[in-house]
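Novice:
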Amino acid sequence: MTQSTIDSLRAMKLTAMAAELEHQLEDSATYGTLGFEERLGLLVDAEWNRRQANKLARYIKASHFSAPNATIEGIEYYEDRKLDKAEILRFATCKYIEDGHHIILKGASGNGKTYLACALGHAVCRKFKSVRYIRMPELLDELSVAKGCGTLKKTIKSYQKVDLFILDEWLIRTLTPQESYVLLEIAESRCEKGSMIFCIQYDPDEWYERITPDPNVDNPISEAIVDRIIHNS
1 MTQSTIDSLR
11 AMKLTAMAAE
21 LEHQLEDSAT
31 YGTLGFEERL
41 GLLVDAEWNR
51 RQANKLARYI
61 KASHFSAPNA
71 TIEGIEYYED
81 RKLDKAEILR
91 FATCKYIEDG
101 HHIILKGASG
111 NGKTYLACAL
121 GHAVCRKFKS
131 VRYIRMPELL
141 DELSVAKGCG
151 TLKKTIKSYQ
161 KVDLFILDEW
171 LIRTLTPQES
181 YVLLEIAESR
191 CEKGSMIFCI
201 QYDPDEWYER
211 ITPDPNVDNP
221 ISEAIVDRII
231 HNS
């Protein structure tokens, strides 16, 4: 009867519950002293924990993090990084997403911006909210291909749906006018529907020249993009 029960649990894909039942039967000296409700509770907890872990793994996989194992707990607060631990822990609550705010991670190349962004994204996944991570060169390539295939609107919409959009290497190169228009559309939609994290090496006052190549040209697009991001950060 016991083996039949275990087989039935596995057939119903309650694998953690089946494994926990086997464990209890193998250690009867320990579990035999527990009441029915306590043992049943352990079985249910095992299955619940497995499903929650699998659900989290799906969210992390869908995010396409470049550092999928990055976590808030794994952040190292070296003095030269000048990280505010209290602020990082506040970000980990994901309240900024509820408030519709963005985060700008500025620093020199190689100082851990990507890891930090992925760790913050992981914290969002833990709350079972959707995240999408992408490097700016990859984003621009995707948008270019989508435009050629006639699926640009669909691609832009996919970036609008997630709760958190992480854009690494933001403005690593100067944007073309067409790229600026598309990124403005994405930025505007994110202001209304979700948050963004930007990883960048430049101060905000340097963004304009990377969006508008000619400093003598008054380009409202650059002002609009910077305003959408800075205003909500």
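Residue numbering for the sequence shown follows the UniProt record's numbering, starting at 1 and increasing by one per position. For every residue, glycine included, the Cβ atom is placed at its ideal position computed from N, Cα and C.
Does residue 181 pass the burial test, meaning 16 or more other C-beta atoms within 10 Å, or should it be called exposed?
Specialist: Classification of residue 181: exposed, given that the 10 Å Cβ count is below 16.
Novice: With 16 as the cutoff for other CB atoms within 10 Å, does residue 243 come out buried or exposed?
Specialist: Shown here, the chain extends from 1 to 233; a query on residue 243 therefore has no answer.
Novice: In the structure shown, what three-state DSSP assignment does residue 131 receive?
Specialist: Residue 131: strand per DSSP, three-state reduction.
Novice: Compare the C-alpha of residue 46 against each of 24, 57, 184 and 29 and name the closest.
Specialist: Cα-wise, what sits closest to residue 46 is 24.
Novice: With distances taken between CB atoms, is the gap from residue 71 to residue 199 smaller than 8 Å?
Specialist: No.
Novice: Are there three or more Cβ pairs, one per stretch, closer than 8 Å when the stretch 156 to 163 is compared with the stretch 104 to 121?
Specialist: Contact between the stretch 156 to 163 and the stretch 104 to 121 is absent, because fewer than three Cβ pairs lie under 8 Å.
Novice: Rounded to whole angstroms, what is the Cα-Cα separation between residue 64 and residue 129?
Specialist: About 14 Å.
Novice: Taking 8 Å as the threshold (C-beta atoms), are residue 50 and residue 15 in contact?
Specialist: Yes. Within cutoff.
Novice: What residue range does the beta strand (DSSP E) around residue 166 cover?
Specialist: That run of the beta strand (DSSP E) goes 164 to 168.
Novice: At the level of alpha carbons, what is the spacing between residue 208 and residue 18?
Specialist: Roughly 59 Å separates the two Cα atoms.
Novice: Among residues of its own chain, excluding the 5 on either side of residue 89, which ones have a beta-carbon nearer than 8 Å to its beta-carbon?
Specialist: Closer than 8 Å at the Cβ level, and outside the excluded window around residue 89, lie 72.
Novice: Quick check: what's the CA-CA separation for residue 79 versus residue 172?
Specialist: When rounded, the distance between both Cα atoms is 26 Å.
Novice: Taking buried to mean at least 16 other C-beta atoms within 10 Å of its own C-beta, is residue 84 buried or exposed?
Specialist: Answer is exposed; the Cβ neighbour count stays below 16.
Novice: Which first and last residues belong to the alpha helix (DSSP H) in which residue 136 is found?
Specialist: 136 to 149 is the extent of the alpha helix (DSSP H) around residue 136.
Novice: Beta-carbon within less than 8 Å of residue 249's beta-carbon, same chain only, minus the 5 sequence neighbours each way: which residues are those?
Specialist: Outside the displayed span of the chain (1 to 233) sits residue 249, for which this structure offers no information.
Novice: Under 8 Å, do residue 194 and residue 97 count as touching if we go by C-beta distance?
Specialist: For residue 194 and residue 97, yes; Cβs fall inside 8 Å.
Novice: My output table needs one value for residue 75: the three-state DSSP class, helix, strand or coil.
Specialist: Coil.
Novice: Buried or exposed for residue 136, please, with buried defined as at least 16 other CB atoms from any protein chain shown within 10 angstroms of its CB.
Specialist: So residue 136 ends up on the buried side.
Novice: Would you identify the three-state DSSP class for residue 233, choosing helix, strand or coil?
Specialist: Three-state result, residue 233: coil.
Novice: Looking only at DSSP bridge pairs, what is residue 6 linked to?
Specialist: Note: residue 6 sits in no beta bridge, so no partner.
Novice: Taking the straight line between their C-alpha atoms, what separation do you get for residue 7 and residue 20?
Specialist: Answer to the nearest angstrom: the Cα atoms are 13 Å apart.
Novice: Please name the residue in 30, 119, 203 and 178 whose C-alpha comes closest to that of residue 221.
Specialist: Here the closest residue by C-alpha is 178.
Novice: Would residue 56 pass as a contact of residue 126 if the rule is Cβ separation under 8 Å?
Specialist: Contact: yes.
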